[in-house]
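Residue numbers (the numbering used here): 30 to 179.
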């Protein structure tokens, strides 16, 4: 197939149990969380700015880079956060579609949750996951000027 010809899958390997299957499922599940904030920020974009750029002989690529992309950055960052936070702790997709080689932090925490001797390691993993998410939120708040959060 196509995935085998471009080198994502081997000849004897199916799509199930591959990292590609996990990434494809995560993308499918969390894509709406990325699309909706970007759509809202693009919907609020003032079209007169793009018309002014065209009147000043700006190329469409330059107008996109200087106006559209910069004004849609809040939606892009919000979508990134809304996608990263649930995807970071997701364990169902990697459990069902992945193999023993495709392990995510949420899957490790879920598998060893009831075991007594893994509690310090699981606490450390949970704290690392929470710290990564908190760092993402702080970076988002600092870049977009909402100092109340950070």
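Every residue gets a Cβ at the ideal spot worked out from N, C-alpha and C, and that includes glycine.
- Task: Under the assumption that residue 123 contacts residue 51 (Cβ atoms under 8 Å), give the Cβ distance between them as a whole number of angstroms.
- Result: 5 Å
- Message: Whole angstroms are fine: how far does the CA of residue 119 sit from the CA of residue 136?
- Response: 7 Å
- Message: Let's test the definition: count the other Cβ atoms within 10 Å of the Cβ of residue 112 and tell me whether it reaches 16, buried, or not, exposed.
- Response: buried
- Taking all protein chains shown into account, do 16 or more other C-beta atoms lie within 10 angstroms of the C-beta of residue 133, making it buried, or fewer, making it exposed? buried
- Query: Under a Cβ-count criterion, where at least 16 other Cβ atoms within 10 Å of its own Cβ denotes burial, should residue 59 be classed as buried or exposed?
  - Reply: buried
- Under 9 Å, do residue 45 and residue 110 count as touching if we go by C-beta distance? no
- Query: Apart from the five residues just before and just after residue 155, which ones in its own chain have a Cβ nearer than 8 Å to its Cβ?
  - Reply: 138
- Message: Rounded to whole angstroms, what is the Cα-Cα separation between residue 142 and residue 153?
- Response: 13 Å
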